[in-house]
Each structure stands twice: as C-alpha cells, then as structure tokens.
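Protein sequences, first through last, are from chains A and B. So for the first sequence, our numbering puts the first residue at 413; every next one is plus one. So for the second sequence, our numbering puts the first residue at 128; every next one is plus one. Backbone N, C-alpha and C fix where the C-beta goes; we use that ideal spot for every residue, glycine too.
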Amino acid sequence: MRVAENLNAALHGLLDDDPTAYVLGEDITDPYGGAFKVTRGLSTRFPGRVIGTPISEGALTGVAAGLALTGNTAVAEIMFGDFVALAFDQLCNFASKSVSMYGRRLPLRMVVRCPTGGGRGYGPTHSQSLQKHFVGMPGLSLYEMSPFHDNRAVLGAMLERGEPCVFFEDKVLYTRQMDQVDPLFTVRRDGDLAVVELRDPGDRPDYVIIAPGGVAHRALAAMRSLLVEQEVSGRLLVPSRLYPLDVEALLPYLGEVVLVAEESTAGGTWGSEVAHLLHGRLWDRLRGPVRLVHSRASVIPTAAHLENEVLVGESTIHHAVREALRG
Amino acid sequence: MADIRVPKLNNNDTEYLVVEWLVEDGKPVQAGDPVAVLETSKAADELEAAEPGHLHHVAAAGTWVAPGAVLARIAPEAAPAPPAGADTPSGGADAPATGADAPATDAPALFGGADASTGGPVVTDPARARMAELGVTSAQVAALGLSVVRRADVERLAGSGPDNGPAAPAGTVSGPADGASGQGDATASGATDLDTTAGTHRLSRVQRAVARAVTTSHGTIPAAYTVVKFDVGPLLARTRGLSREVRRPVGLAELTVQAVAALHPAFPLFFASVDGDRAVLARAPRVGVTFDMGEGLYVPVVHDTGSLREIADTLMRYRLAATEGGFRERDLTGANIAVTLHTDADVTLAIPFVFPGTVCALAVTSPQPELVLGEDGTVTARTVANIGLAYDHRLINGRDAALFLAALRTELC
C-alpha cells in the first residue's frame with residue numbers, strides 16, 4: 413500500500429470512529445480530493461464534516477483551533493506546507509496557548525497537516541521544509557510522516573496528546589510503498605521509533621543516522637553504497653514524533669558516531685536540537701560531535717537537476733558519513 | 128531476442144505495479160499486441176510488444192517494477208525461457224557476482240534492489256577485489272548463503288583468513304621491528320658512541336638497525352621515485368580549525384597520514400608486500416611515520432587511522448616517545464606503508480628508501496612559499512610542498528604512482 417493510500421485510509425478511519433472529527437482544507441472535497449489525493453473520497457462519505465475552505469491558511473487553521481477548543485477533533489490541511497507560515501499566528505499565539513492559559517488544562521485535539529519538502533519540481537515557494545520554525549513552542553507537538561509508521565496509529569497518538577500538532581508529510585513519500593526497504597535491511601519498531609538495520613549484520617554498526625521519514629530512503633541508499641563500496645555498516649533511526657523528542661528512546665541504539673539528516677537548511681534546526689540533547693547524554697561516548705546533514709543554504713530551484721544540487725540526497729549523506737568516520 | 132523495458136510513465140513515481148499479464152508466459156505475440164497492464168499512482172497503462180515472437184515474463188504480476196527494468200523478453204522460440212528473475216542479460220556464471228555491476232545504474236538503487244531480483248548476495252567492492260585476487264568465483268560466494276559478502280568472507284572462503292593468511296607484513300619489516308629504521312642520513316641519529324682512540328665512529332644501536340634496513344632495501348628492492356608539487360596553502364589554513372575541532376594538534380603530518388590511509392581501498396597494492404611472484408595484500412592501512420628528534424630515527428606505526436583525532440593522538444604520543452626513546456614494541460611493528468617527514472624548511476627533495484616488507488614510502492617536504500602568475504597575469508604567492516613517492520618497481524609502475532599521488536592530492540587538498 414502506498415503511503416498516500418495509508419494516510420487516506422487513516423483519515424477515513426478517524427472520521428468513521430470519531431463523530432466529532434472534522435477535516436478542513438483548500439480543494440479537499442471530491443472529485444478533486446486534495447492536491448495529493450490524500451482526502452479522496454472523504455467528502456462523499458462524510459458530507460458536512462469535510463469542508464472545502466477559501467484560500468486562507470490563517471482562517472482555516474483558526475477555525476480548526478476553534479473546533480478543537482469547543483471539544484471537537486479537527487484536522488486541517490495546508491495544501492503546501494510552505495503556507496503554514498501564514499497560519500503561524502494561529503498556531504503560536506492561539507492554539508498552543510489555549511491548552512494551558514484558561515486556568516486549567518484544556519485539551520485540544522487538533523492536527524495541521526503540511527505536505528513538505530522538495531524533489532517534485534514545485535519550486536522555491538512550494539518545496540520547503542519548515543519544521544525548524546515550530547520547534548520548541550510549549551503546547552505544540554511536531555510529528556513527521558514516515559513509511560515505517562502506520563498513519564492511523566500516528567494520527568491517534570497526535571490526538572491523544574490533547575495539544576495541537578503539526579504533521580509534516582514529505583511529498584516524495586506519498587507514492588512510495590509502506591514499510592518497503594531495500595532487501596539488505598530490516599525494519600523493526602521500538603515504540604515510536606523505527607529502527608532500520610542490516611539484515612545480515614557483520615558486527616555492531618560503524619555509525620548511526622537519525623532521520624525523519626522524508627529523508628529515510630535517502631539515508632538508506634547512502635547506507636547501501638557505504639556498505640558496498642567501503643564495507644561500512646550503519647543503522648537508521650526514524651522517530652515519528654520530532655518534538656518534544658523522546659531522547660531516551662534513542663539512546664540504546666546509538667554508538668560513537670551519530671549523524672542527523674534533515675532536508676531543511678542549516679541554522680536553528682530540529683537536528684541541532686537533537687544534537688544538543690544527545691551531547692548532554694553521550695558526550696563521553698561520542699567520537700566527535702553529532703554531525704548535521706542539511707540542504708544547501710539556497711532557495712529551492714524548480715529545474716530537477718538544480719533542485720538535486722540543493723537538497724539533501726544520498727550523496728550528501730554518504731559523504732557526511734565518510735567524513736564523520738574519518739574524524 | 129528483444130527486451131520489453133518498463134518505460135517512464137510519469138514523473139511522480141519511482142516504480143509501478145504490474146497489475147496483470149495480458150499474454151501468458153511463453154505464448155506468441157504480434158508487434159503492437161498489448162502484453163501487460165502497469166499501474167502508476169495516477170493511471171493504468173498497457174504496454175505493447177514491439178516485435179513478434181514468444182513472450183517470456185521477467186517480472187511477476189503483483190510486483191513493483193522501476194522504470195528501465197526489464198519487464199519481459201520476446202524470443203523467436205517458445206522455449207527455453209530465460210532463468211526466472213534474471214534481470215540482466217549478463218548470463219555467464221563468472222560475470223562478477225549477481226551482475227551487481229549492471230543493475231546499479233539500471234533499476235533499483237532505492238528500494239527493492241536488483242540483488243533481490245537476481246537472488247544473489249550483495250558483494251561489496253572490497254570483497255569483489257579480493258575475489259579477483261584469490262580466484263574465488265561468484266558461485267562460491269553465493270554458496271556461503273550470506274545476504275552480504277564482505278572481504279573477510281572471501282578470505283575465509285579461500286582459506287586465507289586472518290590467522291593463516293597474508294595479513295600485514297609485520298614479521299618481514301625487520302628494521303622497524305628492531306626498534307629503529309630509517310633513511311640514510313646517518314649524521315644526527317648516531318653520534319652517541321664515539322670510539323676516540325681509533326679515530327673511528329662506532330654506530331649506535333639504533334643506527335646499526337637503520338643500516339641493516341637500508342642495506343636490505345637497496346639490495347632487494349628495485350626502487351623508483353616520483354615527486355609532485357602540492358598547493359598546500361588552503362590545507363594549512365584548514366589545520367587550525369581542525370585542531371580546535373579535535374582538540375589535538377593537527378598539521379600536515381596528521382592530514383597526510385589520514386589521506387594515505389584513505390587510499391587503501393582504491394590502491395591495495397601500495398600497502399602490500401612482495402612475496403616472490405605474488406603481492407600479499409594488507410587488510411588495513413598501517414602507516415609508519417618517521418621521527419628523528421636527535422635520539423635516533425624511529426618509524427613508529429599509526430595502527431588506527433579511523434579518525435583524525437586518533438591519528439593526532441598517536442602522533443603526539445610518538446613525538447614525546449621520540450624525544451625520550453619511550454617506544455613500545457608494538458609501536459614499531461606492522462607498517463605497510465611509510466610517510467617520511469622533512470621539517471627543515473630548506474629541504475625541497477628527499478628520496479626515502481623503501482622499508483623491506485613494504486612497497487612504497489612517501490616523502491613530505493616542508494611547505495614553502497612560491498610566486499605564481501594569476502590568471503590575469505598578476506603575481507601572487509602560494510604555499511607548496513613537494514610530496515614524493517619511492518616505490519618498489521616490481522609491483523608498481525610510474526603510471527600507478529602518478530595516479531596514487533593524484534588521488535592523494537584529491538584526498539588531501
């Protein structure tokens with residue numbers, strides 16, 4: 413099953429199970445079913461609870477927060493995650509505060525979905541990874557879609573937190589198969605964490621990469637080429653919740669060489685938050701500081717060959733691992 | 128025989144689902160007949176036969192195929208069908224294991240790789256190189272039943288494992304094992320034991336060992352020498368930042384050792400030793416580095432070249448040991464390549480001898496300023512160092528030496 417179908421099924425399941433659940437967004441109703449077809453079939457099955465909105469990210473996010481504040485479950489779709497910046501005020505100054513500023517904790521069941529990232533030729537304003545701008549906001553949790561986490565369970569986990577969540581969905585994942593990896597590797601789950609390792613481990617891994625779902629397959633391609641060319645073996649950790657990060661869950665899987673790969677540009681990133689948390693726990697055991705792998709500091713070009721040069725890819729990660737191992 | 132390859136049907140997908148075969152395996156088809164239905168994330172598409180013949184399925188219905196992969200073959204005969212799952216027409220049993228050279232560019236790479244479709248193991252590049260050296264066939268490594276075949280597996284298969292095999296030429300590097308070895312500059316290192324009465328100069332213990340190694344080298348190793356000028360200015364500028372980063376002193380020596388070690392996978396012969404008509408390869412790079420602090424010339428070995436920090440640690444310890452003579456036995460044994468350092472600013476060329484048991488030695492002279500003409504004709508300065516390679520001509524030729532030095536430049540600068 414493709415990731416987009418899995419997410420579509422998850423939304424069907426949510427609307428089925430929860431009569432107070434609403435889905436809002438631009439062009440999400442049938443027959444169009446959303447720019448990435450993730451909401452296909454929803455408005456036909458659940459008329460009145462799947463609402464096509466005008467082009468106003470601030471307004472639709474505000475409505476979603478209002479629905480949540482009054483006891484409903486709300487899922488808002490930002491058509492391209494770049495435009496979640498327009499809803500920043502609703503998230504930062506309203507939704508996240510509403511959980512705690514009314515004298516007692518007031519659970520908000522709310523998810524803002526953000527199709528994220530490049531690799532599809534959508535150009536500078538439709539391809540960014542804005543995760544870092546939302547890291548560290550009290551009352552706001554960040555999740556990222558991955559091919560190794562069932563979306564129904566992830567949706568459930570987000571709503572159970574009782575606080576607004578932003579769900580980053582790397583667009584390149586939509587057409588990929590769930591749970592599929594190169595046959596060299598196996599995937600297992602430890603709670604929230606997906607652990608991808610060599611099926612036939614030579615010994616303990618020489619390095620560990622932490623990467624959210626959208627970057628995972630690029631990390632795996634790098635892990636394959638590193639194994640085949642250099643006999644260097646690695647392990648990949650894919651968390652579903654980015655923030656607050658459950659750093660304790662990572663610790664048993666880390667070694668002396670750790671990298672974090674993410675598609676955003678460098679500077680105040682999720683990866684630097686991860687690195688900081690790990691340095692506090694592992695400083696004595698690390699061979700060097702946790703290394704960060706980012707896209708180049710550039711707008712994202714539309715032309716595919718130029719886009720490739722800017723975004724984090726297999727070779728960026730491959731190179732970073734070699735550098736890390738060389739010290 | 129013609130292949131039907133999976134066309135690029137849209138830009139959104141890296142693979143498509145084979146929904147169904149419209150023509151059964153082995154049945155005749157005419158040119159233009161639809162033979163299979165593929166589904167993308169957006170639509171289903173029929174593929175047609177380009178020429179008449181008998182259709183042989185390569186991908187099964189219900190599986191995922193990548194653009195460029197072979198979906199089916201059209202043969203003039205109904206039989207024999209090609210081996211199930213054979214993805215590339217490479218065929219021969221001795222084609223480098225599992226045809227992994229072919230599919231890399233072709234199909235998979237991302238998910239659901241070619242090695243699964245061919246059913247064979249993934250053979251790493253170092254393992255492949257070792258197979259060629261030891262005469263191990265693809266069939267033999269396939270019989271191991273491993274999903275990944277590494278270099279060590281090949282060596283085990285050939286009965287030349289770590290314990291009984293070639294390993295490092297430790298035992299044969301007699302000079303360093305004796306506690307000393309080095310170059311012919313007998314001046315500084317030996318003047319400790321003067322026999323004043325006879326008007327002769329008796330060599331020190333360290334220098335006698337040097338002399339034995341030099342004599343053996345010149346008597347047995349046909350050496351040649353190539354020297355290349357490196358623009359090391361940017362490199363030296365980088366060392367300061369690196370020193371801070373690893374919190375150890377990092378200079379040209381540390382970076383050269385690291386760069387030389389990194390060339391081991393690509394240039395195994397440079398780390399080998401000669402045994403009659405064979406070259407015995409080393410499993411890992413172990414870089415001997417010359418130290419002469421006035422107490423004799425030592426060539427301790429950097430055994431662990433895993434990180435710059437380890438290299439910097441080791442060299443710092445050796446610098447201290449060289450002033451106090453405090454080397455341990457294991458510090459001085461096991462080199463399979465050597466780097467000789469010349470820190471005197473006036474040295475522009477130094478030809479190291481090749482330590483017995485190794486096949487080459489690098490000489491790094493001190494960086495010096497040099498005037499150069501810029502592209503616009505203006506005169507500017509840069510900092511250069513001559514890095515030379517003395518090598519055993521039985522194993523290495525001039526072209527290889529030049530390639531090695533070029534690769535070193537890439538690695539270093």
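Comparing C-alpha distances from B:Ala439 to each of B:Tyr425, B:Arg405, B:Pro376 and B:Val491 shows the shortest one belongs to B:Pro376.
A:Ala628 places its beta carbon less than 8 Å from that of A:Pro559. Close to B:Glu166, with beta-carbon spacing below 8 Å, lies no residue of chain A; the smallest spacing is near 11 Å. By the Cβ-count criterion, A:Lys544 is buried, with 16 or more other Cβ atoms from all chains shown falling within 10 Å of its own Cβ. Taking the Cβ atoms as the reference, B:Pro483 lies roughly 5 Å from B:Thr343, within the contact range of under 8 Å. Looking from the CA of A:Arg573, the closest CA among A:Leu503, A:Asp494, A:Leu552 and A:Lys583 belongs to A:Leu552. Between A:Phe579 and A:Cys526, the gap from beta carbon to beta carbon is short of 8 Å. With a 10 Å radius around the Cβ and a threshold of 16 neighbouring Cβ atoms, A:Gly646 comes out buried. The beta carbon of B:Val373 falls within 8 Å of a beta carbon belonging to chain A, placing the residue at that interface. Taking a beta-carbon distance threshold of 8 Å, B:Thr190 does not count as an interface residue toward chain A. In the DSSP assignment, B:Asn513 forms a beta bridge with B:Lys356. Apart from the 5 residues on each side of it in sequence, B:Val164 sits with its Cβ closer than 6 Å to the Cβ of Val146, Glu147, Ala171 and Glu173 in its chain, given in chain order.
Close CB contacts of B:Asp280 within its chain, under the 8 Å cut and outside five residues either way in sequence, are with Ala254, Val268, Leu271 and Leu273 (chain order). DSSP, read as helix, strand or coil, puts B:Ile438 in helix. Per DSSP, B:Glu151 lies in no beta strand (DSSP E) segment and is marked neither H nor E.
Judged by their CB atoms, A:Val487 and A:Leu423 are nearer to each other than the 8 Å cut-off. Distance from the Cα of B:Thr467 is smallest, within the candidate group B:Glu456, B:Ala477, B:Asp473 and B:Arg329, for B:Ala477. Neighbours of B:Gly368 in chain A, taken as residues whose beta carbon is under 8 Å from its own, are absent, since the nearest beta carbon is some 13 Å off. Restricting attention to A:Ser455, A:Leu427, A:Pro459 and A:Gly464, the CA atom closest to the CA of A:Glu438 is found in A:Gly464.
In the structure shown, A:Arg414 adopts extended strand secondary structure according to DSSP, grouped into three states. DSSP, reduced to helix, strand and coil, places B:Val162 within a strand of the structure shown.
Any Cβ of chain B closer than 8 Å to the Cβ of A:Glu643 would place that residue at the interface, and such an atom is present. Between B:Val263 and A:Asp612, the gap from beta carbon to beta carbon reaches 8 Å or more.
Here A:Leu567 has Ala422 and Leu426 as same chain residues with Cβ atoms under 6 Å from its own Cβ, once five neighbours each way along the sequence are excluded. Rounded to whole angstroms, the separation of the alpha carbons of B:Ala386 and B:Thr537 is 9 Å. A:Phe579: member of the beta strand (DSSP E) spanning Cys577 to Asp582, first to last residue. For the stretch 329–399 of chain B, the continuous beta strand (DSSP E) assignments of 3+ residues that do not extend past its boundaries occur at 350–358, in sequence order.
Scanning B:Leu447, B:Gly368, B:Ile348 and B:His184 for the CA closest to the CA of B:Asp152 turns up B:His184. Contact of B:Gly433 with chain A is assigned, a C-beta pair being separated by under 8 Å. With a contact defined as Cβ atoms closer than 8 Å, A:Glu719 and A:Gly531 qualify at about 7 Å. Under a 10 Å Cβ-count criterion, B:Gly501 is classified as exposed, with fewer than 16 other Cβ atoms of the shown protein chains found around its own Cβ. In the three-state scheme derived from DSSP, where H, G and I count as helix and E and B as strand, A:Thr528 is classed as strand. Taking a 10 Å sphere around the C-beta of B:Gly189, we find fewer than 16 other C-beta atoms and assign the residue as exposed.
Chain order gives the chain B residues near A:Arg611 as Ser274, where near means a beta carbon separation below 7 Å. By the criterion of a C-beta distance shorter than 8 Å, B:Ala508 is surrounded in its chain by Pro496, Glu497, Leu498 and Val499, once the five residues flanking it on both sides are discounted. Residues Ala422 and Gly425 of the same chain have their beta carbon placed closer than 6 Å to that of A:Arg564, with the five preceding and five following residues left out of the count.
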